[in-house]
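Engineer: The sequence shown lines up with residues 646 to 817 when you count with my numbering.
Glycine included, every Cβ here is placed at the ideal spot set by N, Cα and C.
For reference, the structure I am asking about is given below.
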Amino acid sequence: MTCLRYKVLSPIRLLLPISAGLFALPFIFEKDLLVYTTLPLFYFLGIYFFLLNFPGLAESMHKRPLYIEDLEIARIGVDTPDRRFQHVYSIIMNFLLAAVFAGLAEYMILNNVREKTIVEALGVIGGNLGLYYKIQSNLGRVMIGICHKYKLRSLNQLEDNIEGMELPENIP
């Protein structure tokens with residue numbers, strides 16, 4: 646699966662300039678918009694819109710050994726598998742990762758990273774990135790497990806429906 650799932654001229658691409666604008670606004674209007682409620686909201690929406698355009702970024706961290714490919718359902722007679730569980734996983738993970746990123750950005754602002762020395766600021770940023778990776782990894786494992794359970798439940802319901810069907814008798 647590639648990083649680009651949508652066509653280049655897809656309407657969802659209109660969210661990319663909005664995403665960039667949401668990241669730039671706190672730096673343009675430093676004192677006016679640097680409110681503890683608006684900054685995380687801007688970063689949350691900015692990263693969420695970005696991840697919606699590039700869902701492969703969240704999915705790339707959960708390829709083998711976490712088995713995101715196991716969320717595919719092979720269809721008989723069709724070359725392309727059913728990937729609806731992967732799409733659901735991607736949307737939910739993008740939302741959760743954007744929320745985690747916004748929370749960590751708020752934490753960095755509350756710790757006044759701009760007023761710290763370069764070494765302290767790099768330490769805080771590095772610690773937050775490490776924490777972000779661990780949270781992202783654990784959330785991904787949980788989400789893959791949940792999506793896999795729903796996939797198995799869907800397959801079991803499909804099998805039950807097929808077994809419950811009566812076949813017509815052969816009439817010559």
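#1: If you measure between the beta carbons of I673 and F694, is that distance less than 8 Å?
#2: Restricting to Cα atoms, I'd like to know which of E804, G790, Q802, K796 is closest to L718.
#3: Taking 6 Å as the limit between beta carbons, can you name the residues of its chain near F668, skipping five residues before and five after?
#4: Cβ of L593 within 8 Å of Cβ of L696?
#5: Return the first residue and the last residue of the alpha helix (DSSP H) that I754 is part of.
#6: Pull up the CB-CB distance for S655 and P700, whole angstroms please, since I reckon it's below 8 Å.
#7: Could you check the C-alpha separation between L716 and V764 for me, to the nearest Å?
#8: Could you give the DSSP three-state label for I657: helix, strand or coil?
#9: Would you tell me roughly how many angstroms separate the C-alpha atoms of C792 and Y777, rounded to the nearest one?
#10: Check for me: the alpha helix (DSSP H) holding T683 runs from which residue to which?
#11: Throw me the rounded Cβ distance for the N698 and R729 pair, which I believe falls under 8 Å.
#12: Taking the alpha-carbon of A703 as reference, which of L686, D724, T725, V733 has the nearest alpha-carbon?
#13: So what does I718 bridge to, in DSSP terms?
#14: Is it true that the CB of M738 sits closer than 8 Å to the CB of G785?
Structural biologist: In terms of the structure at hand:
#1: Walking along the sequence shown from the start, residue 673 turns up at place 28. Walking along the sequence shown from the start, residue 694 turns up at place 49. No, Cβ-Cβ distance for I673 and F694 is not below 8 Å.
#2: Here the question's residue 718 lines up with position 73 in the sequence shown. Reading the sequence as shown, one finds Ile at residue 718 and not Leu. Closest by alpha carbon: K796.
#3: By one-based count along the sequence shown, residue 668 stands at place 23. Here the set comprises G691.
#4: Lying before the first or after the last residue shown, residue 593 is absent from the chain, which here runs from 646 to 817.
#5: Counted from its first residue, the sequence shown places residue 754 at position 109. Its alpha helix (DSSP H) spans residues 729-755.
#6: On the sequence shown, position 10 is the one that residue 655 refers to. On the sequence shown, position 55 is the one that residue 700 refers to. Not confirmed; about 12 Å, so no contact.
#7: Position 71 of the sequence shown, counted from the start, is the residue given in the question as residue 716. Position 119 of the sequence shown, counted from the start, is the residue given in the question as residue 764. Rounded to the nearest angstrom, the two C-alpha atoms are 43 Å apart.
#8: The count along the sequence shown starts at 1 and reaches residue 657 at position 12. Three-state result, I657: helix.
#9: Translated into positions along the sequence shown, residue 792 becomes position 147. Translated into positions along the sequence shown, residue 777 becomes position 132. If I take the Cα positions, the gap works out to 22 Å.
#10: Here residue 683 refers to the residue found at position 38 of the sequence shown. 683-698 is the extent of the alpha helix (DSSP H) around T683.
#11: Locating residue 698 in the sequence shown gives position 53, where the first residue counts as 1. Locating residue 729 in the sequence shown gives position 84, where the first residue counts as 1. Actually they are not in contact, since the Cβ atoms of N698 and R729 sit about 20 Å apart, beyond 8 Å.
#12: Position 58 of the sequence shown, counted from the first residue, corresponds to residue 703. Here the closest residue by C-alpha is V733.
#13: For the purposes of this step, residue 718 is identified with residue 73 of the sequence shown, where counting begins at 1. In the DSSP output, where bridge partners are listed per residue, I718 has D727.
#14: Along the sequence shown, read from residue 1 onward, the residue named residue 785 stands at position 140. Along the sequence shown, read from residue 1 onward, the residue named residue 738 stands at position 93. Contact flag set, yes.
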